[in-house]
Amino acid sequence: MGDNGEKTPPGTTESGDDEDDVAGTSESPDAGDEGGDDVAETSESPDAGEDGGDDDVAEMYGSPDAGEDGGDESGDGYGANLDMDSPLLSGDAPDEMEEVTGRFYVKHTEDVAVTLHEIGTEGIYTLVENPGLEVHQILDATLVENPPLGVSYLIEELHEQRTVPVEYSDEPPTRQVQQLATDMEHDQAAAIEREGEGEIHIIHVAPEDVAETAEYLDDDETTYKNAAEFGVERVEIRTDEDAGIVSIRYLP
């Protein structure tokens with residue numbers, strides 16, 4: 004997929020190298036009647052906020068008719084009553100620009116611009132310089148606001164820059180994953196924990212959709228954001244076309 008595209012298959016993962024790696028399963032409120040207590044859905048959809056009223060926007064700029072009664076009689080117009088010592092009008096920048104230190108996913112890149120998503124908060128930051136970043140990379144970095152307006156950012160210090168490999172395995176999903184998938188509805192996703200680092204995510208789809216779903220995963224931002232959040236080094240994908248199972252294993 005190109006820099007601007009996104010694919011959104013159900014994002015999930017799968018656990019350890021065998022059944023002994025699995026510490027247990029987490030509860031899933033939507034897992035269904037038969038296997039709901041063993042699995043947990045891993046994504047939430049935040050509710051969209053409500054826009055403010057038109058009055059709030061109007062108050063930002065005042066009224067063009069203000070000043071007709073008792074207003075400026077010099078004929079100098081709007082600028083006559085402005086305070087030119089205002090920091091915004093005089094061009095003065097704030098004494099201290101905001102810094103943000105965290106882990107970031109590289110969402111989009113251009114020659115002179117980069118869009119980052121902060122892991123864990125989903126904060127969005129636009130860089131006005133591209134120091135060689137590529138889509139899907141994970142950064143540990145400190146960002147600083149770009150003066151004078153502070154609406155974009157620069158990388159002040161790049162602590163780590165890495166690419167998480169997404170690999171396809173010929174091995175079938177583990178027996179525990181197969182057993183859990185039998186209790187799942189089509190197009191349902193679930194997660195189970197591993198001993199140590201990482202998780203295993205399971206997607207149950209129609210058998211004819213297995214290959215296409217697996218192919219999406221190496222270009223799906225959810226795969227890389229999960230890897231960054233779990234702190235793992237690689238992602239392994241296993242499939243069972245006959246059973247309609249796609250297993251995503253986040254591994255150290």
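Just so we're aligned, residue 4 is where the sequence shown starts under the numbering used here, counting upward by one.
All residues carry an ideal CB built from backbone N, CA and C; glycine is no exception.
Beta-carbon proximity of E101 to E148, cut-off 8 Å
For the purposes of this step, residue 101 is identified with residue 98 of the sequence shown, where counting begins at 1. For the purposes of this step, residue 148 is identified with residue 145 of the sequence shown, where counting begins at 1. Cβ atoms of E101 and E148: closer than 8 Å.
Where are the beta strand (DSSP E) runs, 3 residues long or more, that stay fully inside the segment 187-228, in chain order?
191-197, 202-207
Leaving out five residues on either side along the sequence, give the residues of the same chain with a beta carbon under 8 Å from the beta carbon of V138.
As a working mapping, residue 138 is identified with position 135 in the sequence shown. The residues are D6, V109, K110, H111, T112.
Check whether the segment 182-189 touches the segment 242-255, counting contact only when three or more Cβ pairs, one atom from each stretch, lie closer than 8 Å.
yes
Can you check whether the CB of T129 is closer than 8 Å to the CB of T104?
Along the sequence shown, read from residue 1 onward, the residue named residue 104 stands at position 101. Along the sequence shown, read from residue 1 onward, the residue named residue 129 stands at position 126. It is not a contact, given that the beta carbons lie outside the stated cut-off.
Express the C-alpha separation of E211 and Y253 in angstroms, rounding to a whole number.
In the sequence shown, the residue the question calls residue 253 occupies position 250. In the sequence shown, the residue the question calls residue 211 occupies position 208. Whole-angstrom Cα-Cα distance: 25 Å.
Alpha carbons only, please: which of P176, A192, P168 is nearest the one belonging to D235?
The count along the sequence shown starts at 1 and reaches residue 235 at position 232. The question names Asp, but residue 235 in the sequence shown is Val. The residue with the shortest Cα to Cα distance from V235 is P168.
If you follow the alpha helix (DSSP H) that V180 is in, where does it begin and where does it stop?
Here residue 180 refers to the residue found at position 177 when the sequence shown is read from its first residue. Counting along the chain, the alpha helix (DSSP H) containing V180 begins and ends at 178-185.
In whole angstroms, what is the alpha-carbon distance linking V115 and I206?
Along the sequence shown, read from residue 1 onward, the residue named residue 115 stands at position 112. Along the sequence shown, read from residue 1 onward, the residue named residue 206 stands at position 203. When rounded, the distance between both Cα atoms is 37 Å.
Compute the distance between the beta-carbons of R241 and E170, then report whether it is under 8 Å.
Mapped onto the sequence shown, residue 241 falls at position 238. Mapped onto the sequence shown, residue 170 falls at position 167. In this structure, E170 does not lie closer than 8 Å to R241 by Cβ.
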